[in-house]
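If you're matching them up, the sequences are chains A and B in order.
Here the first sequence stands for residues 544 to 655, numbered as in the numbering used here.
Here the second sequence stands for residues 1011 to 1123, numbered as in the numbering used here.
One structure is given below, encoded as structure tokens.
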Amino acid sequence: NAGVTQTPKFRILKIGQSMTLQCTQDMNHNYMYWYRQDPGMGLKLIYYSVGAGITDKGEVPNGYNVSRSTTEDFPLRLELAAPSQTSVYFCASTQGWGETQYFGPGTRLLVL
Amino acid sequence: ELKVEQNPLFLSMQEGKNYTIYCNYSTTSDRLYWYRQDPGKSLESLFVLLSNGAVKQEGRLMASLDTKARLSTLHITAAVHDLSATYFCAVLPYGGATNKLIFGTGTLLAVQP
């Protein structure tokens, strides 16, 4: 199993541009999450999904959108990028309630 | 609002010494998790603590949970350089059906030779 994979690894965006961060897991996990980690800080939840077709907002959803059309994929869309969205983005998944979350390698995003 | 606080935020220690990282949380919790993050890398699961009094050990790391005090500790025994990393605790709030974790701010551990 590849686990949780994310693309791209690194991206530079100009203010106002849009992009999609890809996340795929091959463990048939129901729950998937998007976090952001600002320098020297912990993780904050952006959006999560409890299954295909079901998504909901986390702590810091403004400026982002998600979709979950399949169990495997959970893309995160940034519309109108802003410097405040400069961060490292982690995708995670878990099979069931209370189980350990498995994290992808992260996407480093710089908005200039 | 649920808060998860770790201390210290930064810990510089010498090889061979012992130390403890503390994780306090502000509400009842079903489970507590410890993760390790190496610089520029992703998060790796270390421990899941399921109940009051739970203790888990892996190598030089031992984690414990006191749900009455809303406190978890991560004890490092005879530190070695390879343990240098940032350690996060994360709490699953009681009754959290959506499995959303609340992370602490992390403890950056630097083990000096």
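Each residue gets a CB set at the ideal place from its N, CA and C atoms; glycine is no exception.
Computed from a predicted model, the values in this text were never measured in an experiment.
Hey, does residue i have any beta-carbon neighbour from chain A nearer than 8 Å?
i          : result
Tyr1043(B) : yes
Asp1040(B) : yes
Leu1021(B) : no
Gly1116(B) : yes
Val964(B)  : The question about residue 964(B) has no answer here: the residues shown for chain B are numbered 1011 through 1123.
Leu1012(B) : no
Leu1007(B) : No statement about residue 1007(B) is possible, as the shown extent of chain B runs from 1011 to 1123 and does not include it.
In chain B, which residues lie less than 9 Å from residue i when you measure between Cβ atoms?
i         : result
Leu588(A) : Lys1110, Leu1111, Ile1112 and Phe1113
Are any of the Cβ atoms in chain B nearer than 8 Å to that of residue i?
i         : result
Tyr607(A) : no
Gly601(A) : yes
Trp640(A) : yes
Gly585(A) : yes
Thr629(A) : no
Thr637(A) : yes
Applying a beta-carbon distance threshold of less than 7 Å, which residues of chain B neighbour residue i?
i         : result
Tyr574(A) : Asn1109
Does the Cβ-Cβ distance between residue i and residue j come in under 8 Å?
i          : j          : result
Leu1119(B) : Leu1059(B) : no
Phe633(A)  : Tyr578(A)  : yes
Cys1099(B) : Leu1042(B) : yes
Tyr1029(B) : Ala1088(B) : no
Gln1047(B) : Thr1117(B) : no
Ile1086(B) : Leu1071(B) : yes
Thr563(A)  : Glu615(A)  : no
Ile589(A)  : Val654(A)  : no
Leu623(A)  : Arg554(A)  : no
Tyr1104(B) : Ser1039(B) : yes
Thr650(A)  : Lys552(A)  : yes
Asn544(A)  : Met570(A)  : yes
Gly601(A)  : Ala625(A)  : no
Going along chain A in order, which residues have a C-beta closer than 8 Å to the C-beta of residue i?
i          : result
Ser1052(B) : Phe633, Phe646, Gly647, Pro648 and Gly649
Which residues in chain A have a C-beta closer than 9 Å to the C-beta of residue i? List them in chain order.
i          : result
Ser1055(B) : Thr643, Gln644, Tyr645 and Phe646
Ile1102(B) : The sequence shown places Leu at residue 1102(B), rather than the Ile named in the question. Going along chain A in sequence order, the residues near Leu1102(B) (Cβ under 9 Å) are Trp640 and Gly641.
Are there any heavy atoms of the ligand ZN lying less than 7 Å away from the beta-carbon of residue i, as far as the coordinates show?
i         : result
Tyr574(A) : Absence of the ligand ZN from the depicted structure is noted, as is the absence of any ligand whatsoever, leaving it without description.
Worksheet item: Using a beta-carbon distance cut-off of less than 7 Å, what residues from the region 551-578 of chain A approach chain B?
Response: Tyr574
Discussion item. Output needed in chain order: residues of the region 1057-1085 of chain B with a Cβ under 7 Å from some Cβ in chain A.
Written reply: Val1058
Item to complete: At 3 residues or longer, and completely inside the region 1022-1053 of chain B: list those beta strand (DSSP E) runs for me, N to C.
Response: 1029-1035 and 1039-1047
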